[in-house]
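To keep things clear, I will list the structure first and then write my remarks on it.
Residue numbers (this note's numbering): 13 to 373.
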């Protein structure tokens, strides 16, 4: 059986270092906002080519805090791609803002810049872009629109650690970049974790206080805050894996190249463009008989996933919030997309077997 993911096998190369870090953190007696978090924040900021990074509890909190920073009014609108994961929408809703769905480009699956401006109103305050599957959005066009209409840009980088567009990495384009370190990510922890990146010192100070009860100095609370802190143990694990992130990315790009070159044209494959450095958190294809294809592969001992089977506006939780916004392009993607195995533990032989099997479908 070729598994879609196996986190034990994917993390096995790091086990020895993880054990040493666990013992070090355990014996230190300091488990919240200590030297491990500080070191990881510094290293991850450098990796993303930004000035600052604040570790938080998870990717959703990173988005919520980034949006909360702007102190927007209830009912203000935030433009967001219609095919994103529900967390992006939830961050907007939790801030009592209105998600305005913009359809993706059918080829890149990222928000279509040419459709954004038509959705801008007097109430629009921000664009929340999502670098889906590990491909950065077409940011030059988006930045131009944001400047024209005086809109803030927040990046959902949950799937794009190390991805870049025209040489600029995810998390360095907007006022904030919001990252998730959920265990399945290319840079994954062994539990939940997240981070907010920025190039603005005051923004960094504010979100750093917000994550810790609104306190920049112990027992002195300057703003309304939250309890959302990356813990010392996960920071230590992430620091270990960060040193190998480029190696992880190279491995996944090598496997992706096999897919792109080996899969028949019956399957719609990810677009490859020299302006984009894709990190392939997910390698998705599309096929009109997706469900049959998924079942066929499972019968041939190959596991796959669907990211995602239901678009946000069709979720029960979104009734009365965004269910009245039609998204025909998004629905095509959700009904035809299939994610193929592409983990750090997969070998080239694994992927060649998948290719051989899928081409017989």
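A virtual CB, placed ideally from N, CA and C, is assigned to each residue, including glycine.
- For the alpha helix (DSSP H) containing residue 369, list its first residue and its last residue. On the chain shown, position 357 is the one that residue 369 refers to. Residues 360 to 370.
DSSP three-state call for residue 125: helix, strand or coil? Within the chain shown, residue 125 is the residue found at index 113, counting from 1. Three-state DSSP puts residue 125 in a helix.
Self-check item: residue 332 versus 316, 41 and 110, residue with shortest Cα-Cα distance
Solution: Position 320 of the chain shown, counted from the start, is the residue given in the question as residue 332. For the set 316, 41 and 110, the Cα lying nearest the Cα of residue 332 is the one of 110.
Considering only residues of the segment 282 to 343, which uninterrupted alpha helix (DSSP H) runs meet the minimum length of 4 residues and lie entirely inside it, listed in chain order?
-> For the segment 282 to 343, whole alpha helix (DSSP H) runs of length 4 or above, ordered along the chain, are 302 to 311.
Check your understanding: For the segment 262 to 277 against the segment 64 to 81, are there 3 or more C-beta pairs whose distance is under 8 Å?
Key -> They do not touch, by the three-pair rule.
Tell me the DSSP bridge mates of residue 280? Looking up residue 280 in the chain shown gives position 268. 298.
_Among the candidates 68, 64 and 61, whose CA atom is the shortest distance from the CA of residue 44?_
Taking the chain shown and counting its residues from 1, one reaches residue 44 at position 32. Relative to residue 44, the option among 68, 64 and 61 whose CA is nearest is 68.
#### Entry: residue 188 beta carbon less than 9 Å from that of residue 210
Along the chain shown, read from residue 1 onward, the residue named residue 210 stands at position 198. Along the chain shown, read from residue 1 onward, the residue named residue 188 stands at position 176. It is a contact, given that the beta carbons lie within the stated cut-off.
Q. On the three-state DSSP scale, how would you describe residue 30?
A. Your numbering for residue 30 matches position 18 in the chain shown. Secondary structure at residue 30: helix, using DSSP grouped into helix, strand and coil.
**Prompt:** Rounded to a whole number of angstroms, what is the C-alpha to C-alpha distance between residue 146 and residue 228?
**Reply:** By 1-based counting over the chain shown, the position of residue 146 is 134. By 1-based counting over the chain shown, the position of residue 228 is 216. Taking the straight line joining both Cα atoms gives about 34 Å.
Sheet register partners of residue 354 (DSSP bridge): In the chain shown, the residue the question calls residue 354 occupies position 342. The partner list for residue 354 (beta bridge, DSSP) is empty, contrary to what the question assumes.
Within 10 Å of its beta-carbon, does residue 309 have 16 or more other beta-carbons around it, so buried, or fewer, so exposed? Stepping through the chain shown from its first residue, residue 309 is reached at position 297. Residue 309 is classed as buried because its beta carbon has at least 16 other beta carbons within 10 Å across all chains shown.
Q: Kindly give me the distance between the Cβ atoms of residue 125 and residue 153, rounded to whole angstroms, as I take these residues to be in contact under 8 Å.
A: Within the chain shown, numbered from 1, the residue matching residue 125 stands at position 113. Within the chain shown, numbered from 1, the residue matching residue 153 stands at position 141. With 8 Å as the limit, residue 125 and residue 153 qualify as a contact, their Cβ atoms being about 4 Å apart.
### Query
With a cut-off of 8 Å, do at least 3 Cβ pairs link the segment 248 to 261 to the segment 191 to 211?
With the cut-off at 8 Å, the segment 248 to 261 and the segment 191 to 211 touch.
Notebook entry, point to check: Which runs of the alpha helix (DSSP H) spanning at least 4 residues fall entirely within the segment 66 to 119, listed in chain order?
Noted result: Taken in chain order, the whole alpha helix (DSSP H) runs of length 4 or more contained in the segment 66 to 119 are 71 to 80 and 98 to 106.
> Taking three-plus beta-carbon pairs below 8 Å as touching, is the segment 179 to 193 in contact with the segment 313 to 324?
Replying inline: No, because fewer than three Cβ pairs between the segment 179 to 193 and the segment 313 to 324 fall closer than 8 Å, the two stretches do not touch.
Output yes or no for whether 9 Å exceeds the beta carbon distance between residue 144 and residue 93.
-> If you number the chain shown from 1, residue 144 lands on position 132. If you number the chain shown from 1, residue 93 lands on position 81. Taking 9 Å as the Cβ cut-off, residue 144 and residue 93 qualify as a contacting pair.
Next item on the list: Compute the beta-carbon to beta-carbon distance between residue 157 and residue 123, rounded to the nearest angstrom, for a pair I have assumed lies under 8 Å.
Entry: Within the chain shown, the letter at position 145 stands for residue 157. Within the chain shown, the letter at position 111 stands for residue 123. Contact annotation, residue 157 with residue 123: C-beta distance approximately 11 Å; criterion of less than 8 Å not satisfied.
8 Å Cβ shell around residue 184 - same chain, five flanking residues per side excluded: Residue numbering aside, residue 184 sits at position 172 when the chain shown is read from its first letter. Cβ neighbours of residue 184 within its own chain (closer than 8 Å, five residues either side excluded): 60, 61, 62, 209 and 211.
Would the beta-carbon of residue 370 fall within 9 Å of that of residue 267?
As a first step, residue 370 is located in the chain shown; it is residue number 358 there, counting from the start. As a first step, residue 267 is located in the chain shown; it is residue number 255 there, counting from the start. Contact flag unset, no.
In angstroms, rounded to a whole number, what distance separates the CA positions of residue 239 and residue 46?
For the purposes of this step, residue 239 is taken as residue 227 along the chain shown, with counting starting at 1. For the purposes of this step, residue 46 is taken as residue 34 along the chain shown, with counting starting at 1. Residue 239 and residue 46: Cα-Cα distance of roughly 15 Å.
- Message: Considering only DSSP beta bridges, list what residue 141 is partnered with.
- Response: For the purposes of this step, residue 141 is taken as the residue at position 129 of the chain shown. Paired residue(s): 167.
Quiz item: By the 10 Å Cβ neighbour count, where 16 or more other Cβ atoms means buried, how is residue 31 classified, buried or exposed?
Solution: On the chain shown, position 19 is the one that residue 31 refers to. Exposed: under 16 other Cβ atoms inside 10 Å.
Checklist entry - With a cut-off of 8 Å, do at least 3 Cβ pairs link the segment 339 to 346 to the segment 283 to 295? => result Result no; under three Cβ-Cβ pairs closer than 8 Å.
Report task. Express the C-alpha separation of residue 88 and residue 137 in angstroms, rounding to a whole number. Result -> Along the chain shown, read from residue 1 onward, the residue named residue 137 stands at position 125. Along the chain shown, read from residue 1 onward, the residue named residue 88 stands at position 76. Near 6 Å, if we compare the C-alpha coordinates of residue 88 and residue 137.
Open item on the list: Check this for me: beta carbons of residue 113 and residue 316, under 9 Å apart or not?
Closed with: Translated into positions along the chain shown, residue 113 becomes position 101. Translated into positions along the chain shown, residue 316 becomes position 304. Result no, Cβ atoms of residue 113 and residue 316 do not sit closer than 9 Å.
Output needed for residue 96: all residues of its chain with C-beta closer than 8 Å, excluding positions within five of it in sequence on either side, in chain order. The residue given as residue 96 occupies position 84 in the chain shown. Taken in chain order, the residues that qualify are 142, 144, 168 and 324.
Output the distance between the C-alpha atoms of residue 39 and residue 81, rounded to the nearest integer angstrom.
Locating residue 39 in the chain shown gives position 27, counting from the first residue. Locating residue 81 in the chain shown gives position 69, counting from the first residue. For residue 39 and residue 81, the distance between alpha carbons rounds to 36 Å.
**Asked** Near residue 132, which residues of its chain fall below 6 Å by C-beta distance, leaving aside the five closest residues on each side in sequence?
**Response** As a working mapping, residue 132 is identified with position 120 in the chain shown. Same-chain partners within the cutoff: 161.
Pull up the CB-CB distance for residue 295 and residue 354, whole angstroms please, since I reckon it's below 8 Å. The residue given as residue 295 occupies position 283 in the chain shown. The residue given as residue 354 occupies position 342 in the chain shown. About 4 Å; that satisfies the 8 Å criterion.
* Roughly how many whole angstroms lie between the Cα atoms of residue 13 and residue 313? -> Here residue 13 refers to the residue found at position 1 when the chain shown is read from its first residue. Here residue 313 refers to the residue found at position 301 when the chain shown is read from its first residue. In a straight line, the C-alpha of residue 13 is about 5 Å away from that of residue 313.
Self-check item: Length-filtered (3 minimum) beta strand (DSSP E) runs lying within the segment 142 to 223
Solution: As far as the segment 142 to 223 is concerned, its whole beta strand (DSSP E) runs of at least 3 residues are 164 to 168, 188 to 192 and 206 to 210.
| request: Count the other C-beta atoms from every protein chain shown that fall within 10 angstroms of the C-beta of residue 48, then say buried if there are 16 or more, exposed otherwise. | output: Here residue 48 is taken as the residue at index 36 of the chain shown, counted from 1. A residue is called buried when at least 16 other Cβ atoms come within 10 angstroms of its Cβ; residue 48 meets this threshold and is buried.
key: Classification of residue 186 by the beta-carbon crowding that lies within 10 angstroms, buried from 16 upward   = Position 174 of the chain shown, counting from 1, holds the residue named residue 186. Around the beta carbon of residue 186, 16 or more other beta carbons sit within 10 angstroms, so the residue counts as buried.
* **Coil, strand or helix - residue 260 by DSSP** => The residue given as residue 260 occupies position 248 in the chain shown. Three-state DSSP puts residue 260 in a helix.
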